[in-house]
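Residue numbers (our numbering), protein chains in the order written: chain A, 1 to 311; chain B, 1 to 388.
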């Protein structure tokens with residue numbers, strides 16, 4: 001299978017906390033729900049960590065923060081801060097109430113793709129720092145590679161090899177700053193068509209990026225946002241050059257694309273009273289060709305795999 | 001014949017319609033013959049979204065109506081109430097037909113009523129033209145919503161109609177084409193419906209497309225209301241008051257609660273102030289596919305009717321597709337994950353919940369009459385509120 005990215009890893013954990021039909025709901029069964037996404041947690045020394053995801057269970061009276069890594073290293077200062085995390089931090093920043101008359105647990109788990117270089121690199125870094133955090137390599141299965149969770153039932157769950165069909169993971173995160181252009185393209189195309197249908201033209205690169213990124217845009221850091229806007233510009237430029245040339249127009253003739261570049265998708269008639277279906281069908285096909293081409297270019301596969309269907 | 005002078009207020013309209021319905025019943029009693037449509041009041045419930053067209057409700061409604069209805073030979077007249085308008089349909093010679101007066105009641109910003117005594121054919125035509133406009137859609141009532149209405153307080157179940165036509169899914173394959181229609185009025189209707197529900201095959205193909213209820217049975221003047229799945233309610237009898245009570249105090253609050261509070265409020269996916277993901281996916285379960293999933297997807301997401309959804313479809317597995325969809329009606333986004341028996345819908349915060357009602361109602365009417373819809377804490381999304 002393709003290497004699992006941050007987006008799929010986080011979506012998998014969120015999905016398991018929901019009562020989803022397409023992914024196992026084992027975390028949901030333990031009472032876990034996601035309590036915060038990319039919520040900064042501040043410490044007394046003025047420093048902060050931003051866990052990618054925090055989940056909590058009222059039933060088990062515990063919470064767990066997840067940090068996903070796609071490289072071979074951890075951010076050591078960040079990991080040391082995670083070691084200082086207390087239940088009070090989670091209560092304060094994640095608005096999660098714990099019952100101190102019972103045992104309370106706080107965990108930090110690392111997620112990484114299931115490839116040896118990642119697993120070994122992160123394991124060595126955590127060992128070097130003397131940190132006990134569990135590491136969960138994520139591939140066709142989620143399996144605990146090191147450490148243990150403080151919450152016994154959470155540990156038991158991850159100690160067994162959990163199966164995961166990543167094709168069916170729900171798209172809470174649509175993509176992130178390291179996603180490839182073909183992974184972003186369907187979301188960008190969807191936003192373009194939606195904006196055009198609303199008569200909301202012209203639209204700026206930054207607005208398209210925010211819309212395509214989805215509901216998590218507002219909690220995403222500025223660094224991630226800027227990269228996503230830049231990459232959205234790359235997607236749009238690629239679309240305009242080839243397949244969507246006759247649909248997508250730029251409001252100016254400048255060569256560079258930036259966050260304020262204005263785009264227009266022309267296929268609907270001005271009144272919006274009637275849909276020009278022939279034109280819409282051409283747009284459909286152009287969109288499919290466009291996403292297919294990006295995918296074949298980036299993955300090095302043959303073009304025209306028809307993963308994307310003509311509607 | 002000249003049209004009736006317009007009622008200036010909602011109360012005057014109710015009085016006028018009440019008189020007309022009572023005189024219709026008296027005429028029927030005298031003549032001993034019935035024209036089912038004569039004297040019957042019709043109310044259409046529409047869903048609208050005029051956000052972005054200005055803050056003043058009266059002005060934006062009027063501006064929208066004038067802009068949208070001028071090409072349809074309709075004249076808009078402002079009445080005494082600021083959210084109450086009269087639409088008069090004129091023929092090609094500019095004459096107004098006697099009964100082609102449509103009162104538009106926009107006191108609820110989102111869910112409008114159009115009341116008329118016009119004949120069904122002409123009223124339906126205007127309704128069809130209105131819902132083709134951007135920002136306007138019908139209200140859509142799935143089977144369980146309609147059946148719940150028959151069980152709600154002050155209502156007695158008096159009949160149902162059923163229509164099923166799988167044409168959108170059987171294009172080019174006449175062998176698979178299934179068409180069915182049924183109307184059953186009277187006290188035996190609930191018994192027949194129970195019998196239908198005992199059969200898996202019938203349940204799969206008999207979607208309830210309308211119900212007849214006797215609302216406020218204790219009131220002096222009787223009225224029977226035919227509630228159609230696309231938001232049309234026809235009142236037969238002598239009491240417009242009872243009909244109006246059903247529409248304004250039972251049907252609309254229940255529908256508003258389902259669309260606005262449940263779907264857009266609780267189920268739409270968003271992120272709260274505390275960085276918490278809110279909402280839950282909406283799950284449609286059905287009996288299974290009769291054709292390859294690619295054909296199934298194309299039938300729904302081709303941008304045309306009846307579903308009016310466009311989508312970029314990706315096969316994520318041999319039998320699973322993800323569709324990056326746009327509702328062509330309002331230009332809002334939704335994401336669909338489709339497997340052979342389950343459709344998972346992710347509606348982003350800010351998207352229109354009526355799209356879900358339209359999709360699910362039409363899915364029942366054209367594909368799987370016994371499909372169910374759930375999401376989050378709701379085992380059935382389209383239920384009337386408990387106290388209805």
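Using N, Cα and C, we set each Cβ at its ideal position, and we do this for glycine too.
Quick one: what's got a C-beta closer than 8 Å to residue 301 (chain A)'s C-beta in the same chain, skipping five residues either side?
Same-chain partners within the cutoff: 295.
Residue 168 (chain B) by DSSP, collapsed to three states: which one?
Here residue 168 (chain B) sits in helix by DSSP.
What are the residues that DSSP puts in a beta bridge with residue 253 (chain A)?
According to DSSP, residue 253 (chain A) bridges with nothing at all.
Let me confirm a value: residue 9 (chain B) is counted as buried when at least 16 other C-beta atoms fall within 10 Å, else exposed. Which label applies?
Per the 10 Å Cβ criterion, exposed.
Under 7 Å between beta-carbons, which chain B residues line up against residue 14 (chain A)? List them in chain order, please.
Neighbours of residue 14 (chain A) on chain B, chain order: 277.
Output the boundary residues of the alpha helix (DSSP H) element that contains residue 149 (chain B).
Where residue 149 (chain B) is concerned, the enclosing alpha helix (DSSP H) stretches over 143-151.
Under 7 Å between C-beta atoms, does residue 274 (chain B) make it to chain A?
It does: the Cβ of residue 274 (chain B) has a partner Cβ on chain A nearer than 7 Å.
Counting Cβ pairs, one atom from each stretch, are 3 or more of them under 8 Å apart for the region 237-252 of chain B and the region 319-336 of chain B?
These segments do not touch.
By Cβ distance below 6 Å, which residues in the same chain neighbour residue 275 (chain A) in space, the five residues on each side in sequence not counted?
Note that residue 275 (chain A) scores 49 on pLDDT, short of 50, meaning its location in the model is unreliable; the coordinates nonetheless yield the value given after this. Cβ within range, chain order: n/a, list empty.
Is it true that the region 142-151 of chain B meets the region 199-214 of chain B, where meeting means three or more beta-carbon pairs spaced less than 8 Å apart?
Touching, yes, given that three or more Cβ pairs across the two stretches are closer than 8 Å.
When you compare only the Cα positions, how much space is there between residue 313 (chain B) and residue 323 (chain B)?
Cα to Cα, residue 313 (chain B) sits roughly 4 Å from residue 323 (chain B).
Per DSSP, which one or two residues make a beta bridge with residue 311 (chain B)?
Bridge partners of residue 311 (chain B): B:325.
On the three-state DSSP scale, how would you describe residue 103 (chain B)?
Residue 103 (chain B): strand per DSSP, three-state reduction.
For residue 288 (chain A), is the beta carbon positioned less than 6 Å from some heavy atom of the ligand HEM?
The model depicted lacks the ligand HEM and carries no ligand whatsoever.
Less than 7 Å between CB atoms is the rule here; does residue 5 (chain B) satisfy it with respect to chain A?
Chain A, which has no Cβ nearer than 7 Å to the Cβ of residue 5 (chain B), makes this no.
Please report the residue range of the alpha helix (DSSP H) in which residue 244 (chain A) lies.
That residue, residue 244 (chain A), is in no alpha helix (DSSP H); it is neither H nor E in DSSP.
Please report the residue range of the beta strand (DSSP E) in which residue 160 (chain A) lies.
No beta strand (DSSP E) holds residue 160 (chain A); DSSP gives it neither H nor E.
Given a cut-off of 7 Å on the beta-carbon distance, is the pair residue 63 (chain A) and residue 131 (chain A) in contact?
In this structure, residue 131 (chain A) does not lie closer than 7 Å to residue 63 (chain A) by Cβ.
Between the region 331-345 of chain B and chain A, which residues of the former have a C-beta closer than 8 Å to a C-beta of the latter?
Taking 8 Å as the Cβ-Cβ cut-off against chain A, the residues of the region 331-345 of chain B that qualify are 331, 332, 333, 335, 337, 339, 342 and 344.
Name, going along the chain, the residues of the region 308-319 of chain B whose beta-carbon falls closer than 8 Å to a beta-carbon of chain A.
The residues in question are 310, 311, 312, 313, 314, 315, 316 and 317.
Mark residue 80 (chain B) as exposed unless 16 or more other C-beta atoms lie within 10 angstroms of its C-beta, in which case mark it buried.
Flag for residue 80 (chain B) reads exposed.
Which residues in the same chain have their Cβ closer than 8 Å to the Cβ of residue 59 (chain A), if we skip the five residues on either side of it in sequence?
The answer, listed in chain order, is 30 and 31.
Could you tell me if residue 73 (chain B) is buried or exposed, where buried requires 16 or more neighbouring beta carbons within 10 angstroms of its beta carbon?
Residue 73 (chain B) should be labelled exposed.
Taking 7 Å as the CB-CB limit, is residue 45 (chain B) close to chain A?
Not one chain A Cβ lies under 7 Å of residue 45 (chain B).
Mind checking if residue 87 (chain B) is an interface residue toward chain C, Cβ cutoff 7 Å exclusive?
Judged by its chain identifiers, the structure shown contains no chain C, and its protein chains are A and B.
How long is the line joining the alpha carbons of residue 89 (chain B) and residue 114 (chain B), rounded to whole angstroms?
Distance between the alpha carbons of residue 89 (chain B) and residue 114 (chain B): 13 Å.
To the nearest angstrom, report how far apart residue 75 (chain B) and residue 238 (chain B) are at their CA atoms.
Approximately 29 Å between the Cα atoms of the pair.
Would you say residue 145 (chain B) and residue 382 (chain B) are within 7 Å of each other, going by their C-beta atoms?
Their beta carbons are under 7 Å apart, which means residue 145 (chain B) touches residue 382 (chain B) by this criterion.
Name the chain B residues that come within less than 7 Å of residue 21 (chain A), Cβ to Cβ?
Near residue 21 (chain A) (Cβ distances below 7 Å), the residues of chain B are 283, 342 and 344.
When you check each C-beta in the region 199-232 of chain A against every C-beta of chain B, which residues fall closer than 7 Å?
Listed by position, the residues of the region 199-232 of chain A near chain B (Cβ gap below 7 Å) are 214, 215, 216, 218 and 219.
Would you grab the beta carbon distance between residue 347 (chain B) and residue 263 (chain B) for me? Rounded to a whole angstrom, and I think it's under 8 Å.
Confirmed, Cβ separation roughly 7 Å.
Measure the Cβ-Cβ separation of residue 239 (chain A) and residue 248 (chain A) and say whether it is below 7 Å.
Going by C-beta atoms, residue 239 (chain A) is nearer than 7 Å to residue 248 (chain A).
Does DSSP put residue 20 (chain B) in a helix, in a strand, or in coil?
Residue 20 (chain B): helix per DSSP, three-state reduction.
How many Å lie between residue 189 (chain B) and residue 224 (chain B) at the Cα?
The straight-line gap from Cα to Cα measures roughly 14 Å.
From the DSSP secondary-structure annotation, give me the bridge partner or partners of residue 34 (chain A).
DSSP output for residue 34 (chain A) lists A:55 as bridge partner(s).
Would you report the Cα separation of residue 120 (chain A) and residue 69 (chain A), rounded to the nearest angstrom?
Taking the straight line from one Cα to the other gives about 12 Å.
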